[in-house]
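Numbering (our numbering), first residue to last: 1 to 230.
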Amino acid sequence: MNVIAVQAQNLHKSYLLGATAVGALRGVDLTIQRGEFVAFMGPSGCGKTTLLNLIGAIDTPSRGTLCVDDVVLEKLSEDQLADLRRDRIGVVFQFYNLLPTLSARENVELPMQFKGTQRTERRERSMSLLERVGLKDRADHKPAELSGGEQQRVSIARALANQPVLVLLDEPTGDLDSVTGQGIMSLLRDLNQREKVTLLVATHDSMVAEASSRIIKLRDGCVESDSRAS
Ligand code: ADP
Ligand code: MG
1 MNVIAVQAQN LHKSYLLGAT AVGALRGVDL TIQRGEFVAF MGPSGCGKTT
51 LLNLIGAIDT PSRGTLCVDD VVLEKLSEDQ LADLRRDRIG VVFQFYNLLP
101 TLSARENVEL PMQFKGTQRT ERRERSMSLL ERVGLKDRAD HKPAELSGGE
151 QQRVSIARAL ANQPVLVLLD EPTGDLDSVT GQGIMSLLRD LNQREKVTLL
201 VATHDSMVAE ASSRIIKLRD GCVESDSRAS
């Protein structure tokens, strides 16, 4: 069964800068099936982050329709959108966005707390996710006590907390040394191949692109090319 993970039709997004509208996305059409591992590439400013923010229901399009996990976003209420974000989509932001006053473990537990997961289960799952990203012994550290790569791994563990079907990552290896980057890539490949999680990654990194099964290149807010690994 092919379930559509993402379908965008004539998707536009403009930002108002003073009196000028900046067209960040200018008519994007694409369909991504569940289980795909897609790399969005293209020069800085081409619209990668904007597109991920729309797919993650963090921001709304100016025009066009967007269907995520088989539901049309514009038909959902604010509450339904919040549930979709909490339960089905994991987001790894470019600059991690961890809460500075919480430990690594508490950051990973937070989405489960919002969902109402029991404390014991939260504790077990957060520790097993931190172990999976190689940070079990850093569970009690605050973000400021962790390196960039470690914070990135905590933010990946947090994105997986509620077992999402779709994970969006914005330049996940951008700030990392290549060994840490490789560790993150093998984790992502594993998630995609073993757990069939749909992965959408904005990246400049050719290592990420090589691991993906499809590369969509954006240019000036439009899809320039769309190619699958043979
Ligand atoms: P990328 O992630 O590929 O570098 P972005 O999606 O961040 O590209 O940006 C696409 C375009 O939209 C750029 O021209 C950028 O300057 C503009 N843009 C992005 N976010 C905003 C914003 N909040 N306000 C105004 N312009 C924005
Ligand atoms: Mg970006």
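A virtual CB, placed ideally from N, CA and C, is assigned to each residue, including glycine. Note that this is a predicted model, so its numbers are computed, not measured.
Worksheet entry | Ala5 - DSSP class collapsed to helix/strand/coil | strand
Worksheet item: Taking the alpha helix (DSSP H) that Lys48 falls in, what are its first and last residues?
Response: Lys48 to Ile55
Discussion item. Along the chain, where does the beta strand (DSSP E) containing Ala209 start, and where does it finish?
Written reply: That residue, Ala209, is in no beta strand (DSSP E); its alpha helix (DSSP H) goes Ser206 to Ala211.
Discussion item. Is Lys48 a contact residue of the ligand MG, with contact defined as CB to any heavy atom under 6 angstroms?
Written reply: yes
Discussion item. Any heavy atom of the ligand ADP closer than 6 angstroms to the beta-carbon of Leu200?
Written reply: no
Discussion item. Comparing C-alpha positions only, which one of Gly27, Ala5 and Ala21 sits nearest to Gly221?
Written reply: Gly27
Worksheet item: Under a Cβ-count criterion, where at least 16 other Cβ atoms within 10 Å of its own Cβ denotes burial, should Ser155 be classed as buried or exposed?
Response: buried
Discussion item. In this structure, how does DSSP classify Ala39 when only helix, strand and coil are distinguished?
Written reply: strand
Worksheet item: Among the residues of its own chain, which have a CB less than 8 angstroms from the CB of Asp226, if the five just before and after it don't count?
Response: Leu30, Arg214, Ile215, Ile216 and Lys217
Worksheet item: Looking at C-alpha atoms only, which residue of Glu195, Arg119 and Phe95 is the closest neighbour of Arg105?
Response: Arg119
Discussion item. Could you check if Val22 belongs to the surroundings of the ligand ADP, using beta carbon to heavy atom distance under 6 angstroms?
Written reply: yes
Worksheet item: Between which two residues does the beta strand (DSSP E) containing Thr20 stretch?
Response: Thr20 to Gln33
Practice prompt. With hydrogens ignored, establish whether the beta-carbon of Gly45 is closer than 6 angstroms to any heavy atom of the ligand ADP.
Written response: yes
Fill in: In DSSP terms, what Ser225 is bridged to
Lys217
Worksheet item: Which residues in the same chain have their Cβ closer than 6 angstroms to the Cβ of Ala157, if we skip the five residues on either side of it in sequence?
Response: Val108, Leu129, Leu130 and Val133
Discussion item. Using a Cβ-Cβ cutoff of less than 8 angstroms, which residues in the same chain neighbour Ala24 once the five nearest sequence positions on both sides are dropped?
Written reply: Lys13, Ser14, Tyr15, Gly47, Thr50 and Gly221
Worksheet item: At a cut of 8 angstroms, does the region 3-11 reach the region 50-70 through at least three beta carbon pairs?
Response: yes
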